[in-house]
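Below is one structure, written out as C-alpha cells; comments come after it.
Number of protein chains: 2
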Amino acid sequence: MWGIELDRASEQPLKRQIYQKLKERIMSGQIKSNDALPSTRELSQFLGVSRNTVGESYDMLIAEGFVISRQGAPTRVADGLSITKTYTAPFVNALPKQELKADFRTGRPDLRQFPQFLWRQLLHKASEELPLALYGYTGPQGLPALRTEISEWLLRSRGVTVSSDDIFITAGATHALHLLADLLCENGKKVLMEDPCHSGMLQTFILKGCPVVPVPVDSQGMQTQGLPDGKDACAVYVTPSHQFPLGGILPASRRAALIRFARENDLYIIEDDYDSEFRYCGEPIAPLYTMDPQLVIYVGTFSKTLFPALRIGYVILPKPLHRQWSVLRTHTDVQNPPFEQAALADFLRMRKLDRHVQKMRRIYGHRRQVLMEALEDSFGSGWTAYGDAAGLHLAIDFPGKCFAETFQESCLQNGIYIKSVENHCMEKGRHQSKLLMGYGHLEPEEIRNGILILHDYLEAAAAHASRAGDDTKSI
Amino acid sequence: MWGIELDRASEQPLKRQIYQKLKERIMSGQIKSNDALPSTRELSQFLGVSRNTVGESYDMLIAEGFVISRQGAPTRVADGLSITKTYTAPFVNALPKQELKADFRTGRPDLRQFPQFLWRQLLHKASEELPLALYGYTGPQGLPALRTEISEWLLRSRGVTVSSDDIFITAGATHALHLLADLLCENGKKVLMEDPCHSGMLQTFILKGCPVVPVPVDSQGMQTQGLPDGKDACAVYVTPSHQFPLGGILPASRRAALIRFARENDLYIIEDDYDSEFRYCGEPIAPLYTMDPQLVIYVGTFSKTLFPALRIGYVILPKPLHRQWSVLRTHTDVQNPPFEQAALADFLRMRKLDRHVQKMRRIYGHRRQVLMEALEDSFGSGWTAYGDAAGLHLAIDFPGKCFAETFQESCLQNGIYIKSVENHCMEKGRHQSKLLMGYGHLEPEEIRNGILILHDYLEAAAAHASRAGDDTKSI
C-alpha cells in the first residue's frame, strides 16, 4: 500500500522516510490533488510503526503545505503541486592527476621548508586564548593585533611607516584585487595594467567586466613613457618591486612619472608586492607606496612567504577609501576567520617570519643559481636571464626561438609544466622567445633533472619540426 | 652633514635608516638631480658606521634608481624624481562602544553555549593531521572530506540527497550570494527578491549593480501570484523554510508555482536556508532544492549553528554552473583555508553538530517562549507574533502602531538595539507596525529586562509625542 518501504538500518528517522516517500509520490503526480491520505492509524498498522511516527510525518507534510488537514475530515493532498521531476545524471569530477616529470610552475613556495610544527603550536595557542567575542562578527578590517604586527613587520623589512588603522586584512592578494575592482571600477572606467602581467590577476579584473588597457613592459618594468590617455581610467596596476613575469625593478624616475600621471588623472595606483621579500643581491625594494600613501594602494600577501592555503593578505588603503571598503567587504564575505589571524600575529611578533624569510632567501637564492648553471650545462650560452635576481621564478630569453601559443599544452602532454611569457601577454607577439621557470618549490636535483628533460623535449620537437619541413623556429 | 641622524636602539638596520633619510631628502627636493652624494668613506666616518653599511644603503638607492653610480665618478642623484610629498593626517578609528541596555539584534547565535573546548581540540587535531599538500593551493571547491560530511548531514537533518560533487564550500552565505551575483547577473538582468528581505543580502546584490525587483511577502512567504514578468530576470532569491524577516514557511503550492515560473523563464532560484535547523514545533522544513535540483541553488551556512567567525558555508550547484563557479572563485579569493574545514568535517563526522543543534533548539525554543511571555506581561494582548515558530528572532506586529524610519536611530540613542521590519523593506509603508526581536543570543533574564526597557521607552516616546500635539501613532 502507498509504495512505502522503510529502511530500519538507516540513520534517517522513520518519520522522515515516510514523509519523503509520500512527498515524492505527490510531486510526481502518483498521488493527486484532493486524494485522501490513509488515516494515521491505518498507515501505522500497515508499516508497523507507532501512530505518533506517522502523525509526525503528516505534520511535516502539513507544515510544508503538501497536504491539508481539516478537523473531522481525512488529510488530503493540496492543489497545484505536480511538477514533473527531471533526472539528474551522475557527475564525474575525476580529472586524472597528471604525473609531472618537470614542474616549472611559478609562484609556488617550498612547503617542505615551512615550520609546520611551530605553526601548529601557535595555531593551538591562539585558539586557546581567543576570547569568546571573537567567535562572533568582529567587523571587516581584521584583528587589531595582526594589523599592528604587520605594520611593524613592514617597518622592519621594508622601511614602510604605516598606521595599523590603514591596514585591512584580506583573504589573500587575489581577494584584495577582486574587492578593489568592485571599489574603483565604475561606469566602464578602465584599468591600466602591465603587459605582460599575471594572467590570474588580469582575469580578476576582466571577470568583473573592467576594461583593461595594456601598457608595455621592458626589463625595467612598466614603460611609463608609453602610458595612454588617463582620462577614462580609474586605476593603474603595477608590480614595481619585481615585475611579474619579467622581473624588472621599476626605476625611481618611472616611479615618479607614474605618480605624476596618477595625480594628473585623479586615479589610484594599485601596487602588488607579491614576492619582494625574496631578493638575492641586496635588500628588499622599498614599495612605491612610500612615495605617496594617498595615491598608492599597497597589496601584500603571506601566500608566498608562508603558505598559499593560509589565505591572509592585506591592503594599505588611503583614508577616503576606508568606509567604502568596509561596506563592500561586509557584503562580500564579511571577514576573515580569527584563528589563523591570531596565530599569524604571534608568528610575526616572535620574529619567526623574519627568520623564515631569511632562511628561504638563502635556499631560493641557491636554487636560482642551480637553475642558471643547469641552463648553461644544457643550453650553453643560447639564453639570457631577464630582470632582477629576486622572487621564485626566472624569465629566460632564448633569442631566435619562438614558443607558440600551443607550447604549454604540448609540454604538458609530455609531462612538463612550463609557461611561456606569451601566456601572460595581452598583445601577442612581443615576448615569444621567453619562458618562465618557477624554481622556488624544487630541490636542486629536481631543477637539474627538469632542465635535462626540457632540453631533450625541445631538441626532439625541433627535430620533428625540421623533418616536417617547417623551417621556422616555432616549437 | 646631510641631516642624517641614526637611532641605534631601533630594530631597523642602520643601512636602512641611512637609505631612508637620503631617499626622503631626494624626494622632497632637498637633494637635487645631479647632486653628488658624499663618498662612502666620507659618510661612514661622519656617521661612525662601517663603510660597508653606507655602501649597502647606496646599493639600495641604486637598485631603486634614485641615484646613479658610474665607475670612477661620484654617485649622483637621478633625474626627474622630485614629487612634493603630502602630509597624511592621523586617522581616528575609535568608534565609542555603545553600551546597550537591550540588544534585540537578529541572526546572533548564543556563543556562550558553543562547545569551545571541543572545537579547539578538533582544530588542533585537524591541524596536526593536515597533510603538507593542503598547505598549498588545493582548488576552489573545498576539502572533499568536509563536502562528504555536509552531504551526509543534509541527508540526516533535512532528507536532502546530494552528491558531494555538487557541494562547493564558501566563506559563508554572504560570500555565496556575492559569487552568485557575479555568476548569474549579466547584462542588467534582474534579480527578484522577497520584500521585505534581509537588508544585508539585498545590499550584496545592489553593490554588484544588479537591478532588484521586489516581490511582496505575507505570512506565508513570497506571494508567487504577484510574480512580475520574468523575461528580464536571471534569478529569484527566496528564504522558503523560514522567510526573513517575517518567518513564514512557503507552502507547497507556492513552491510548485515558483518552480514552474523559473522553468518557464529559464532562471535560477537561489534558496537561502539560513536558520531552518531551529524549528520548535516539528521537524526542519525540507528545502525547495529537493523539488528541482537543476533549478534551485541551495545556500547553507554554519554561521548560525556554530559561530559567525567560522566563515564556512556552502552552495549546492546545478552541474552547468560548476565550471564557471570554479573559475570565478579562483579569481575572487581562491579558496577557504584548510584548518577550519578539516575541524568542521570531524565535528560533523562525530555527530557533534547534531547534538549541538538539538541542544540549542531546546534553549532557543525556551527563550522564544520567555520572549512571548514577557511581551504579554508588558504589552498585554496588543501584539501578535508573525510566522512559524522557528529561528533566532521573532517578528511582532503591534496593530495601530507606526514605527517610523527614524525609529531604529532613536532607540539606539536610548541604548536599545532594535529594528523595525520597515528597515528591511524596499517598498516602504506596508509593514510599519512590525518590530524584529532577536532572542537567540539572550539569556531569559536579558530578554525580560530588555522588554521592560523597550516598553518603558515606547511609553515615554508616545507620551512625548502626544504632548507635542502629534496625534498620529508614529514613534
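These protein sequences, in sequence, are chains Z and A. Counting in our numbering, the first sequence runs from 28 upward without gaps. Counting in our numbering, the second sequence runs from 28 upward without gaps. Every residue gets a Cβ at the ideal spot worked out from N, C-alpha and C, and that includes glycine.
Once the 5 residues before and after residue i are set aside, which same chain residues still bring their CB inside 6 Å of it?
i: Y114(Z); result: At Y114(Z), the pLDDT of 33 sits below 50, so the modelled position is not reliable and the matter cannot be decided from this model.
i: K217(A); result: P238, V240, D259, A260
i: L70(Z); result: V81
i: D256(A); result: none
i: E176(A); result: A372, L375, R376
By the three-class DSSP mapping on this structure, what secondary structure does residue i have?
i: D300(Z); result: coil
i: C429(Z); result: strand
i: T332(Z); result: coil
i: A200(A); result: helix
i: Y316(A); result: helix
i: V326(Z); result: strand
i: R306(Z); result: strand
i: A416(Z); result: coil
i: S190(Z); result: coil
i: P136(A); result: coil
i: R378(Z); result: coil
i: E155(Z); result: helix
i: Q168(A); result: coil
i: L33(Z); result: coil
i: L176(A); result: One detail in the question is off: residue 176(A) reads as Glu in this sequence, not Leu. The answer is helix: DSSP assigns E176(A) an H, G or I state.
i: Q39(Z); result: coil
i: G392(A); result: helix
Mind listing the chain A neighbours of residue i? Cutoff is C-beta to C-beta under 9 Å, in chain order.
i: R395(Z); result: The contacting residues do not exist; R395(Z) stays about 17 Å from chain A at best.
i: I312(Z); result: M87, A90, E91
i: A488(Z); result: Within 9 Å Cβ-Cβ: nothing; A488(Z) doesn't reach chain A, min ~29 Å.
i: L234(Z); result: D209, V354, L355, H358, T359
i: H151(Z); result: R147, L150, H151, S154, E155
i: R139(Z); result: L159
i: Y391(Z); result: Chain A residues near Y391(Z): none, gap ~16 Å exceeds 9 Å.
Along chain A, which residues have their Cβ under 7 Å away from the Cβ of residue i?
i: T165(Z); result: A336
i: Q47(Z); result: G186
i: I227(Z); result: In the sequence as displayed, the identity of residue 227(Z) is Gly instead of Ile. Per Cβ cutoff of 7 Å: H358.
i: G309(Z); result: D86, M87, A90
i: P365(Z); result: A336
Which residues share a DSSP beta bridge with residue i?
i: D424(A); result: T411(A), K461(A)
i: F195(A); result: V342(A)
i: D130(Z); result: Y444(Z)
i: Y295(Z); result: A262(Z)
Could you name the residues of the same chain whose beta carbon sits closer than 7 Å to that of residue i, not counting the 5 residues immediately before and after it, in chain order?
i: L161(Z); result: P365
i: D300(Z); result: S268, P314, Y325, V326, G327
i: T357(Z); result: P167
i: S190(Z); result: S178
i: N450(Z); result: S226, Q435
Sorted by chain position, which residues of the same chain lie with C-beta nearer than 8 Å to residue i's C-beta, five sequence neighbours on each side aside?
i: A121(Z); result: The predicted position of A121(Z) is uncertain, since its pLDDT is 34 and thus under 50; a value taken from the coordinates is nonetheless stated next. Closer than 8 Å at Cβ, skipping near neighbours: no residue.
i: D209(A); result: K235, L355, T359
Could you tell me which chain Z residues have their CB closer than 7 Å to the CB of residue i, listed as they occur along the chain?
i: E38(A); result: R183
i: S280(A); result: G92, A105, D106, G107, L108
i: H451(A); result: Within chain Z, no residue comes near H451(A); the closest Cβ sits about 15 Å away, beyond 7 Å.
i: I276(A); result: A90, E91
i: F195(A); result: By Cβ distance, chain Z contributes nothing, its closest Cβ being about 11 Å from F195(A), past 7 Å.
i: L145(A); result: The contacting residues do not exist; L145(A) stays about 12 Å from chain Z at best.
Which residues of chain Z have a Cβ atom closer than 8 Å to the Cβ of residue i, listed in chain order?
i: V361(A); result: A198, G199, T201, H202, P335, R338
i: T231(A); result: H358, T359
Name the chain Z residues that come within less than 9 Å of residue i, Cβ to Cβ?
i: A495(A); result: Correct list: empty, because the minimum Cβ distance to chain Z is about 35 Å.
In chain A, which residues lie with their C-beta within 8 Å of the C-beta of residue i?
i: T175(Z); result: Going along chain A, no residue has its Cβ under 8 Å from T175(Z), so there is no contact; the nearest lies around 13 Å.
i: T251(Z); result: Those do not exist, as T251(Z) stays about 10 Å from chain A at its closest Cβ, beyond 8 Å.
Could you give the uninterrupted runs of the beta strand (DSSP E) lying entirely in the stretch 43-122 of chain Z, keeping only those of 3 residues or more?
-> none
Whole runs of the beta strand (DSSP E) within the stretch 205-277 of chain A, excluding any shorter than 3 residues | Segments of the beta strand (DSSP E) lying fully in the stretch 205-277 of chain A: 217-222, 239-245, 260-265.
Counting only runs that start and end within the stretch 440-470 of chain A, where is the beta strand (DSSP E) found for 3 or more residues in a row?
-> 461-465
Selection of the stretch 281-305 of chain A by Cβ proximity to chain B, strictly under 7 Å | Among the protein chains in the structure shown, which are Z and A, there is no chain B.
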